[in-house]
Structure formats: C-alpha cells, structure tokens
C-alpha cells in the first residue's frame, strides 16, 4: 500500500480489483502501469489533486485510487470511473497532460460525492441555471451512455457558444452528473480560465457557487476555490 501523504490515507494501487457485479455484467479489459517512473508520475497527480481538499474530508470520502494505462468496459474506452460503495476511483495514467489527469481525478471524485450525497445536492436549483429545461441527453436513471449518441459531445474543451446556456463544454450536456463533473474539473484545475467566464455569465457563476457550497457542506473544502 502506498499512501499519498502523511496526513492523507488514500491508497494508490496499480492492480484493479473490479467489483464482482461489474465483472458479471461487463467485459473489462485493461493495460497496467508497470514502469516505476510512470508510477511516480501518476502519484504526482494525486498530490496535486489532494491540494484542493481538506485531509479529513478526503479521507472520509475516498479510500483508493487505481491507475491503469488504459481500460475499457464492453468495448467502450474510459478515462476514469468510480465505485461509490467502496470509495474507489479508477483513472488512466498515460502520456496525456497533467491537467487532463488531475482533472480526471476531480471529475470522478465529483461523481462519487454526488452519487453518495444526492439528498444534500439541490438538483432543482442547479437545473435552474440551465437556459433550457431539456438540457441533458441522459437522465440520472440512465447509467450507460451510447457512444454513438454522445460522440459529438465528448469534448471537454471550453465552448463559448454554450456559456449563455449555463454550460462551459460540450460534455456538460450529456447528463446532470457530467455537468457537475465538468465544472469540478475546471474549478480545481483551470480556475484562471473559468473565473472570468463566471464573472460574465450568471448561469455559469451560479453553478460554480452551487458546487462549492455542496463541497463545503460535505466538509471536503473549507475555503472557496480561487
């Protein structure tokens, strides 16, 4: 077991122990991270990720991060996923940029927090910041996305055409959960890009503040993110 720091007790692993019910329903393939220098690089992403949160809040909500070079489930490639029951994040760790990898950790952690604390997240208020009522392609009951259906919305790049709608990237439109996740990524990895957008577009600003308040309620942050 490798701990990310003295005060944070997250286990970092490189061998995936997939939940048995996943293995029963899905065909999961993966490539491990075996090179020592590559593993060291993965662990720097965790240290950067940790900086956004209180150690106590993180320890209570997240138990393990598993890094893989790549993985797929039933033929669909993933950058990351999560197990809310056991507090585990699986994330790819390869040649992509630091921002992308740290962003994936924030993305999946946001999913984990939302899934386990839906009763504390005011969904109606969040959706009030969307310009359209039918803003999402998938409902919260639909947990598996059709790759063909969402192929034009996979981008996490900022899209100015969406700011007035309350979104910042195409991927926000996939589902409520992904909308929240994309905001989490930008709040904690690219605040210099996101803050000016929030100042100009009230719907974006509303979502930024709503997500920060949710995190404060859960005790994972004590101060507003810059």
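In the numbering used here, the protein residues as written are 178 to 403. Ideal Cβ placement from N, Cα and C applies to all residues, glycine included.
Would you kindly work out how many angstroms separate the C-alpha atoms of residue i and residue j, rounded to a whole number?
i           : j           : result
residue 359 : residue 368 : 12 Å
residue 223 : residue 278 : 9 Å
residue 192 : residue 378 : 43 Å
residue 376 : residue 203 : 43 Å
residue 276 : residue 290 : 21 Å
residue 387 : residue 210 : 36 Å
residue 372 : residue 201 : 44 Å
residue 299 : residue 197 : 32 Å
residue 294 : residue 284 : 16 Å
residue 356 : residue 348 : 7 Å
residue 208 : residue 247 : 5 Å
residue 303 : residue 272 : 35 Å
residue 190 : residue 264 : 13 Å
residue 389 : residue 301 : 16 Å
residue 124 : residue 243 : What is shown of the chain runs 178 to 403, which leaves residue 124 out entirely.
residue 336 : residue 232 : 34 Å
residue 288 : residue 239 : 12 Å
residue 212 : residue 364 : 31 Å
residue 137 : residue 354 : Outside the modelled stretch of the chain, which goes from 178 to 403, sits residue 137, for which no answer is possible.
residue 195 : residue 344 : 33 Å
residue 215 : residue 316 : 37 Å
residue 178 : residue 259 : For residue 178, the pLDDT reaches just 37, beneath the cut-off of 50, and the residue's location in the model is therefore unreliable, although a value from the coordinates is still provided. Rounded to whole angstroms, residue 178 to residue 259 spans 19 Å at the Cα level.
What does residue i pair with, by DSSP beta-bridge criteria?
i           : result
residue 241 : 188, 265
residue 346 : 335
residue 207 : 248
residue 258 : 267
residue 253 : 250
Does the distance from the CB of residue i to the CB of residue j come in under 8 Å?
i           : j           : result
residue 261 : residue 230 : no
residue 219 : residue 270 : yes
residue 266 : residue 282 : yes
residue 286 : residue 384 : no
residue 351 : residue 313 : yes
residue 249 : residue 206 : yes
residue 237 : residue 394 : no
residue 366 : residue 280 : yes
residue 362 : residue 333 : yes
residue 187 : residue 228 : no
Rounded to whole angstroms, how far is the Cβ of residue i from the Cβ of residue j, which I believe are closer than 8 Å?
i           : j           : result
residue 308 : residue 342 : 4 Å
residue 268 : residue 252 : Not confirmed; about 20 Å, so no contact.
residue 381 : residue 235 : Not confirmed; about 26 Å, so no contact.
Between residue i and the ligand ZN, is the CB less than 7 Å from at least one heavy atom?
i           : result
residue 380 : Looking at this structure, you won't find the ligand ZN or any other ligand, since it has none at all.
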